[in-house]
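Numbering (our numbering), first residue to last: 29 to 525. First comes the structure, then the notes that go with it.
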Ligand code: BES
Ligand code: MN
Ligand code: ZN
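Below you can see the structure in the form of structure tokens.
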């Protein structure tokens, strides 16, 4: 989508979007209504326009105007028109028009009284909503392509502070691109998105100045990463560890580190999932996708931070060579793990990847993202990601960043009593507790056994990484790209000088 900012709306083809609430038409809408001899107001009255975000009234080919259509979009009451409101308003309009034939669209929406948004902020968040909603993934369609192919390709946002809007849009565009990359990675089918293919896509970040290294199985074996390798050993495809470094900070600054679970397909392994349980398991690399998208965003906007992104990429398959329930592996940390369920594989991958992140980079903090447990869907549903942390300050910052960008998280406890549930009869720990309840916490406790003194947070994103039912307003399609915005915000708010 081509996004631009302008001081005034140009008369011309395309769609003009103006704003209003139930009580009033905002100035640009009122002026337009005058040119239309009151037709906009009448249309609003006759269609029960409530003026909430998402509400719209549309006039097609209005006489005497050069626009193909005019849309009155609800802003809600001014006090409630915030960043998210602006984003959802624009997303709603784009959703309605994306593939319908219109090519260009202009938002001429004044900031309503009572809103705390600055004009440039309102403009850039309208742009962000439009951009994020314009995503589509239809490369595998050969039929009815034109129904799915977006026609809308240019959005202009009218604002009194176009220069400021242009400037901050540059960085927001980088973040949107990171979200799109994460969505693409999640949406690709698993026959295409193997660990090696994923690594190749990560390697492409080098054109943004990211240093990318890829370790194969032989190198990981040397590092003793048997927990990760055990998960991948039933697959025909080689496991990969991707290490991305963005050095935008000062040389002497310790980096921050992100680690992503990258199970490119999770069949469960010999502890095989059911047919229904296996559907969607191409998305079990959603954590790795979020980390990759974040590294893209940070590099593309030249963030002044040193950041490391580490991906544990494997495929979990049943096979004659596959890992068995009852196997014991020695992880890179030296701790031994009794594998009692090969479907609790994400924690095994992360154990070695987290260990590598800490020992190799001595980061200020490490955050892992993982579609780790079905239990997190039971606890939190499809809105909040689960947050676990050994550090209150880091946890608070993550929660705050999430509220700002609309990727919300909810903190759950860690406690010794759950840790005890991982005691094994023959090894340092087992990989499942064996009881049904508290599965997400037990999984987090398992990860914590591989954290030294480093401030650490774990985000269980199994409920938010993809969507099967209703779509989130800013996220069309299946892969959500969850995690890029919250991590980018966290960095921007606290870790850039
Ligand atoms: N990738 C799954 C978790 C998952 C389940 C994500 C459903 C999204 C939707 C993970 O590897 C897994 O299989 N976890 C098991 C753990 C159990 C064996 C202790 C689970 O949640 O059932
Ligand atoms: Mn699994
Ligand atoms: Zn999994």
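Every residue gets a Cβ at the ideal spot worked out from N, C-alpha and C, and that includes glycine.
CB of residue 294 within 8 Å of CB of residue 404, strictly: Not closer than 8 Å, so no.
Is there at least one non-hydrogen atom of the ligand BES closer than 7 Å to the beta-carbon of residue 256? Not so, every heavy atom of the ligand BES lies at least 7 Å from the Cβ.
So the beta strand (DSSP E) residue 488 belongs to, where does it begin and stop? If you look at residue 488, you'll find it in the beta strand (DSSP E) that goes 484 to 488.
Is it the case that the stretch 358 to 373 contacts the stretch 425 to 432, given that we only count it when at least three CB pairs across the two stretches are under 8 Å? In this structure the stretch 425 to 432 does not touch the stretch 358 to 373; the number of beta carbon pairs closer than 8 Å is below three.
Does DSSP put residue 457 in a helix, in a strand, or in coil? Three-state result, residue 457: strand.
Under the three-state reduction of DSSP, which class applies to residue 132: helix, strand or coil? When secondary structure is reduced to three states using DSSP, residue 132 falls in the strand class.
Pull up the DSSP beta-bridge partners for residue 343, would you. Beta-bridge pairing links residue 343 to 293.
For the stretch 216 to 264, which segments carrying the alpha helix (DSSP H) assignment without a break, of at least 4 residues, lie completely within its bounds, in sequence order? If only complete runs of 4 or more residues are kept, the stretch 216 to 264 shows the alpha helix (DSSP H) at 223 to 231, 245 to 250, 254 to 260, in order along the chain.
Contact between the stretch 328 to 338 and the stretch 257 to 264: three or more CB pairs below 8 Å? Contact between the stretch 328 to 338 and the stretch 257 to 264 is absent, because fewer than three Cβ pairs lie under 8 Å.
With burial defined as no fewer than 16 other Cβ atoms inside 10 Å of the residue's Cβ, what is the status of residue 268: buried or exposed? With 16 or more other CB atoms across the displayed protein chains lying within 10 angstroms of its CB, residue 268 is buried.
Any heavy atom of the ligand BES within a distance shorter than 7 Å of the CB on residue 403? Within the cutoff, so yes.
Same chain, Cβ closer than 8 Å to residue 181, neighbours up to 5 away in sequence not counted: Counting only Cβ-Cβ distances below 8 Å, and skipping sequence neighbours, we find 29, 30, 131, 132.
Heavy atom of the ligand MN less than 7 Å from the Cβ of residue 347, yes or no? Not under cutoff, so the answer is no.
Are the CB atoms of residue 512 and residue 207 nearer to each other than 8 Å? Cβ atoms of residue 512 and residue 207: closer than 8 Å.
Return yes when at least one heavy atom of the ligand BES lies under 7 Å from the C-beta of residue 312, else no. Within the cutoff, so yes.
DSSP on residue 316, reduced to helix/strand/coil? In this structure, residue 316 counts as helix in the three-state DSSP scheme.
Under three-state DSSP, which class holds residue 207? Helix.
On the criterion of 16 or more Cβ atoms from any shown chain inside 10 Å, does residue 159 qualify as buried, or is it exposed? Of the other Cβ atoms in all chains shown, 16 or more fall within 10 Å of the Cβ of residue 159; this residue is therefore buried.
Which parts of the stretch 359 to 398 are runs of the alpha helix (DSSP H), unbroken and 4 residues or longer, counting only runs that do not cross its ends? As far as the stretch 359 to 398 is concerned, its whole alpha helix (DSSP H) runs of at least 4 residues are 374 to 389.
Using a Cβ-based criterion (distance less than 7 Å to any ligand heavy atom), does residue 343 qualify as near the ligand ZN? Residue 343: no, Cβ never under 7 Å from the ligand ZN.
Please classify residue 412: is it buried, with 16 or more other beta-carbons within 10 angstroms of its beta-carbon, or exposed? By the 16-neighbour rule on beta-carbons within 10 angstroms, residue 412 is buried.
Is the CB-CB distance between residue 102 and residue 80 below 8 Å? Yes, Cβ-Cβ distance for residue 102 and residue 80 is below 8 Å.
Contact test: residue 460 Cβ vs the ligand BES heavy atom, cutoff 7 Å: The ligand BES approaches residue 460 closely enough that one of its heavy atoms is under 7 Å from the residue's Cβ.
So which of 460, 435, 319 has the shortest CA-CA distance to residue 447? Comparing Cα positions, the closest option is 460.
In whole angstroms, what separates the C-alpha of residue 256 from that of residue 127? CA-to-CA, the gap between residue 256 and residue 127 works out to about 43 Å.
Segments of 4+ residues assigned as alpha helix (DSSP H) that fall wholly inside the stretch 34 to 79: With a minimum length of 4 residues, the unbroken runs of alpha helix (DSSP H) contained wholly in the stretch 34 to 79 fall at 55 to 63, 67 to 74.
What residues match up with residue 492 in a beta bridge as DSSP calls it? Bridge partners of residue 492: none, in fact.
By DSSP's criteria, residue 97 is part of a beta bridge. Which residues make up the other side? Beta-bridge pairing by DSSP links residue 97 to 43, 88.
If the criterion is Cβ atoms closer than 8 Å, does the pair residue 110 and residue 147 meet it? It is not a contact, given that the beta carbons lie outside the stated cut-off.
Looking at the unbroken beta strand (DSSP E) that takes in residue 272, where does it start and where does it end? For residue 272, the enclosing beta strand (DSSP E) stretches over residues 268 to 275.
When you compare the CB positions of residue 271 and residue 336, do they come within less than 8 Å of one another, or not? Cβ atoms of residue 271 and residue 336: closer than 8 Å.
Could you give the distance in angstroms between the alpha-carbon of residue 78 and the alpha-carbon of residue 432? Cα to Cα, the separation comes out at about 26 Å.
Pick from 296, 312, 506, 341: whose alpha carbon is nearest that of residue 224? That would be 341, whose Cα lies nearest to the Cα of residue 224.
Evaluate residue 191 with the Cβ neighbour count: other Cβ atoms within 10 Å of its Cβ, from every protein chain shown; 16 or more gives buried, anything less gives exposed. Classification for residue 191: exposed.
Would you kindly work out how many angstroms separate the C-alpha atoms of residue 364 and residue 309, rounded to a whole number? The C-alpha of residue 309 is placed about 27 Å away from the C-alpha of residue 364.
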